[in-house]
Amino acid sequence: PSVLGHSSVICSLLRLCTIDEDAENNDNASKSPMAAEYDEAGYRVQSELESYPATLANILVDGPCYQDELKGEELVIHIVGASIEAELWGQEKKMQKVWNVYAEALTVLADSNKKLKTIRLCFIGPDCPSEDIQDKVVITKDTDEGGKDRKNSPCFRCFVTTTKGFYNQDLLESNGGTLREANVIVFYNPGFTCPDYTWDKTLAGIKRGTPFLVTTNTEMEGVADCSYLSDRKLIPSLPLLVAEVLGIHDVDDETEMFFGENPFAGSRVRQSGTMANDVYVRNRWMIGGRFDKPLSSAKRSSSQLKNQTANREEGRDMEIPSKKKAKSGKRAGSANTKKKNPALI
């Protein structure tokens with residue numbers, strides 16, 4: 591009898607997972623006999639880290655549901671469920687490099703809106719640093735549109751804060767907290783359907799009509815998260831691609847919701863902690879839209895829509911925001927917590 595095992599492709603990917611982990615944790619990798627491989631692994635590790643600011647900046651500048659929020663002088667972004675290990679690059683105190691990369695990536699937003707002068711980037715989650723951080727990065731332009739030197743002229747200011755705790759409305763200034771109301775809310779790999787988490791209270795308190803962006807590691811997780819939001823009537827409709835996957839035909843063709851592969855995900859492959867031959871890439875899939883802002887009078891959950899018999903035109907794919915070049919560094923049981931489940935970081 592033959593022995594079942596990993597395919598050659600999976601074996602190669604698992605080897606890369608091991609090399610990347612070694613390169614990430616080995617300070618003497620450059621002196622190793624595998625120095626060349628460790629050097630390549632370093633690029634993959636860095637690409638995963640930079641996928642957080644690159645995804646944030648590029649999807650916001652392209653996504654149709656975010657455009658109204660980009661027209662003012664200030665943009666407030668809440669990154670909910672943030673953790674030291676993921677969004678904050680494993681740093682707890684020496685954060686300036688991390689802030690600089692996020693601010694540099696967000697210049698694409700300032701370039702698209704000349705009125706935008708201030709971006710407030712707020713990281714909130716129980717896995718954030720124990721001491722809350724407040725910092726500022728000023729991005730300047732070397733020249734103006736006419737080519738005149740403006741080396742010391744500010745382009746925009748990026749205020750960065752971290753808040754350790756669970757995201758809820760009590761954190762907002764209007765309720766006595768310290769955070770300004772968000773223009774956009776971002777969730778990186780939240781695991782809405784993971785039984786270890788309880789997101790209901792956090793999501794219920796978010797202002798209706800607020801644009802959001804969600805990333806997931808796999809397509810299956812993305813579809814599950816969309817169904818979770820739809821079943822709780824937190825979104826006006828399912829993205830067209832998700833509706834097709836679920837066999838649902840009565841969906842608003844004019845929806846702002848989108849779902850698809852994220853072109854700004856990194857190249858590092860990770861091994862699942864639950865299935866030995868299951869590999870994934872962080873932030874590989876993305877979901878976007880507005881919380882509960884229907885474009886028609888009908889509000890239907892995905893379970894209700896499955897019982898509808900109306901048909902729509904077959905073969906119409908969702909529109910994934912187009913890829914634009916943006917800077918992202920040198921190379922382009924409790925809610926909101928990821929520490930206990932590394933696969934969701």
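Heads up: the sequence shown at position 252 corresponds to 842 in my numbering, and the numbers run straight through without jumps.
Just so it is clear, CB atoms sit at the ideal spot from N, CA and C, and this is done for glycine as well.
Whose C-beta lies closer than 7 Å to the C-beta of residue i among residues of the same chain, with five residues either side of it excluded?
i: Ser637; result: Gly856, Ser857, Arg858 and Arg921
i: Leu606; result: Val859
i: Val635; result: Asp610, Ala613, Glu614 and Arg858
i: Val835; result: Val813
Could you have a look at residue i and say whether DSSP puts it in helix, strand or coil?
i: Ile877; result: strand
i: Ile838; result: coil
i: Val859; result: coil
i: Glu844; result: coil
i: Glu614; result: helix
i: Glu627; result: helix
i: Tyr787; result: coil
i: Asp701; result: helix
i: Ala900; result: For Ala900, the predicted structure reports a pLDDT of 35, less than 50, and the residue's modelled location is therefore unreliable. A value from the coordinates is still provided. DSSP places Ala900 in coil when its eight states are reduced to three.
i: Ile600; result: helix
i: Leu824; result: coil
i: Tyr757; result: coil
i: Leu678; result: coil
i: Ile649; result: helix
i: Gln894; result: Reliability fails at Gln894, whose pLDDT of 38 lies under 50, so the model's placement of it is uncertain and the value that follows must be treated cautiously. The answer is helix: DSSP assigns Gln894 an H, G or I state.
i: Lys687; result: helix
i: Glu663; result: coil
i: Thr800; result: coil
i: Pro829; result: coil
i: Asp658; result: helix
i: Asp815; result: helix
i: Cys607; result: helix
i: Leu541; result: In this structure the chain extends from 591 to 935, so residue 541 is not present and cannot be described.
i: Gly795; result: coil
i: Leu706; result: coil
i: Ser887; result: For Ser887, the predicted model reports a pLDDT of 36, less than 50, meaning its position is unreliable and no value from the coordinates is stated.
Can you give me the Cβ contacts of residue i inside the same chain, cut-off strictly under 6 Å, excluding the 5 residues immediately before and after it?
i: Ala631; result: Ile609, Asp610 and Ala613
i: Tyr642; result: Glu677
i: Thr845; result: Ser827
i: Leu603; result: Val859 and Val869
i: Ile600; result: Asn867
i: Asp629; result: none
i: Glu809; result: Trp875
i: Glu763; result: Arg770
i: Trp679; result: Leu639 and Val688
i: Glu627; result: Ile609
What does residue i pair with, by DSSP beta-bridge criteria?
i: Tyr778; result: Thr805
i: Glu851; result: Trp875
i: Ser673; result: Asp717
i: Ile729; result: Phe746
i: Cys712; result: His668 and Thr751
i: Gln724; result: Thr751
i: Val869; result: Gln861
i: Leu769; result: Leu762
Pull up the CB-CB distance for residue i and residue j, whole angstroms please, since I reckon it's below 8 Å.
i: Phe854; j: Gly653; result: No, Phe854 and Gly653 are not in contact; Cβ-Cβ is about 12 Å, not under 8 Å.
i: Val728; j: Arg710; result: Not confirmed; about 14 Å, so no contact.
i: Asp790; j: Ile825; result: Contact flag wrong, Cβ pair sits at about 15 Å.
i: Pro801; j: Tyr633; result: 32 Å between Cβ atoms; not a contact.
i: Gln681; j: Val688; result: 6 Å
i: Met685; j: Ile723; result: 6 Å
i: Asn852; j: Thr697; result: So it is not a contact: roughly 20 Å between Cβ atoms.
Suppose the cutoff is 8 Å on Cβ atoms and the five residues either side in sequence are ignored; what does the same chain contact list for residue i look like?
i: Lys726; result: Arg747, Cys748, Phe749 and Val750
i: Leu665; result: Glu659, Leu699, Leu706, Thr708, Ile709, Arg710, Asn773 and Val774
i: His668; result: Cys712, Ile714, Tyr757, Leu769, Ala772, Val774, Ile775 and Val776
i: Lys683; result: Pro719
i: Asp760; result: Gly766 and Gly767
i: Gly799; result: Arg880, Phe881, Asp882 and Lys883
(message) Using a Cβ distance threshold of 8 Å, determine whether the segment 777-787 contacts the segment 742-757, with at least three qualifying pairs required.
(response) no
(message) Using 8 Å as the cut-off, can you tell me whether the segment 810-824 makes contact with the segment 860-880, which would need three or more C-beta pairs spanning the two stretches below that distance?
(response) yes
(request) Evaluate contact between the segment 694-709 and the segment 645-660, counting only Cβ atoms and requiring at least three cross-stretch pairs below 8 Å. (result) Under the three-pair Cβ rule at 8 Å, the segment 694-709 counts as touching the segment 645-660.
(message) Pairs of beta-carbons, one from the segment 683-693 and one from the segment 801-810, closer than 8 Å: are there three or more?
(response) no
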